Amino acid sequence: MSKIYTTEIASDQIASDNPLHQRLLKPYVVAHQWTKGDLLEVGCGEGRGIECLLPAVSTYSAIDKIESAVGRLRERYPQGKFVSGHLPPLPYPDASFDAVVSFQVIEHIENDILFLKEIFRILRPGGVVLITTPNRPMSLSRNPWHVREYTAGELTALAQTIFPNVEMKGISGNDKVMTYHERNKRSVERIMRWDIFDLQHRLPAPLLRIPYDYMNRRNRNKLQNAADELVASISHEDYLVTNNASSALDLFLVAKK
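Numbering (our numbering), first residue to last: 15 to 271.
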């Protein structure tokens with residue numbers, strides 16, 4: 015059975031991906047603090063955190079652009095309602111859901127304003143949306159899969175044009191996580207020294223995706239080989255929800271209608 019994972023979409027099956035997989039899992043683990051009723055996940059991928067979401071909600075629906083992933087999830091979670099399709103817009107009537115989660119998706123969306131407007135439209139009054147995305151100041155290099163990345167202030171300002179109640183949190187890490195992050199940062203900096211013409215910012219994104227994926231996988235494997243115990247030992251419990259979003263690894267937006 016084929017997987018959709020690249021280094022952009024971390025795998026729970028690849029040992030060297032574990033620190034990133036656990037980081038991406040954390041929002042699902044804590045989502046129950048805000049979610050209830052009828053929930054929609056926008057960009058469910060291969061269903062990384064569905065089992066974390068289900069106990070806190072009455073119904074679970076999801077949409078993702080990758081039909082093969084959606085088809086597998088239909089078989090695995092028959093209680094869910096899965097749709098494949100590109101977005102925005104979202105193929106749901108107004109006021110359809112009590113909660114929406116969308117983790118590591120908005121950075122891939124060309125029209126981010128329409129994306130947020132569509133989420134607002136399908137939420138019921140009092141409904142909540144949880145959104146995570148990389149915190150740009152903490153990114154180690156250009157990611158050619160991303161249309162853009164945000165600072166905490168930029169994403170807050172954007173959300174406030176649509177939602178009346180916006181709270182910006184972040185996903186940070188403990189000492190173990192930050193040790194891994196600093197090792198990763200130093201390793202990426204060594205690789206970037208070869209980019210003397212700054213091609214990562216000059217070349218069109220599609221041309222960078224294959225070399226980016228190759229170098230990223232090689233780097234993660236190198237970090238694992240150098241410190242396998244650290245890489246393997248990191249869990250979602252080592253990631254923390256913080257109110258200091260500006261220094262977090264990922265932004266964690268909580269917005270209410």
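Note that beta-carbon positions come from the ideal geometry of N, C-alpha and C, so glycine has one too.
Computed from a prediction, not measured in an experiment: that's the story for all the values here.
Check: Exposed unless 16 or more other CB atoms sit within 10 angstroms - verdict on Asp78; Outcome: buried
Check: C-alpha distance - Ser110 paired with Leu137, whole-angstrom precision; Outcome: 6 Å
Check: C-beta contact flag for Asp264 and Thr146 at 8 Å; Outcome: yes
Check: Gly59 beta carbon near the ligand FAD (any heavy atom closer than 7 Å); Outcome: This structure lacks the ligand FAD, and indeed carries no ligand of any kind.
Check: Buried versus exposed call for Phe129 [16 or more other C-beta atoms within 10 Å across all chains shown]; Outcome: buried
Check: Where the beta strand (DSSP E) through Asn179 begins and ends; Outcome: Asn179 to Gly187
Check: Contact check, Val71 vs Lys183, beta carbons under 8 Å; Outcome: no
Check: Secondary structure, beta strand (DSSP E): runs of 3+ residues fully inside the stretch 141-212; Outcome: 179-187
Check: Proximity below 8 Å, CB of Ser98 to CB of Val84; Outcome: yes
Check: Range covered by the beta strand (DSSP E) that runs through Ser98; Outcome: Lys95 to Ser98
Check: Nearest-angstrom Cβ-Cβ length linking Gly61 and Arg90, presumed shorter than 8 Å; Outcome: 7 Å
Check: Straight-line Cα distance separating Ile133 from Leu104; Outcome: 8 Å
Check: Cβ distance (whole Å) where Val43 is taken to contact His250 below 8 Å; Outcome: 5 Å
Check: Neighbour-count burial assignment, Lys17, 16 or more Cβ in a 10 Å radius; Outcome: Below a pLDDT of 50, predicted positions are generally treated as unreliable, and Lys17, at 44, falls in that range; the measurement from the model is reported next regardless. Answer is exposed; the Cβ neighbour count stays below 16.
Check: Inter-stretch contact at 8 Å, needing at least 3 Cβ pairs: the stretch 236-252 / the stretch 189-204; Outcome: yes
Check: Segment limits, alpha helix (DSSP H) that includes Val43; Outcome: Asn32 to Val44
Check: Sequence-distant residues of its chain with Cβ nearer than 6 Å to Ala262 (five each side left out); Outcome: Asn149, Gly184, Ile185, Ser186 and Thr256
Check: Cβ neighbours of Thr170 in the same chain (closer than 7 Å, five flanking residues each side left out); Outcome: Val180 and Met182
Check: N-terminal and C-terminal residue of the alpha helix (DSSP H) that Ile120 is part of; Outcome: Taken as a continuous stretch (DSSP letters only), Ile120 belongs to no alpha helix (DSSP H), as it is neither H nor E.
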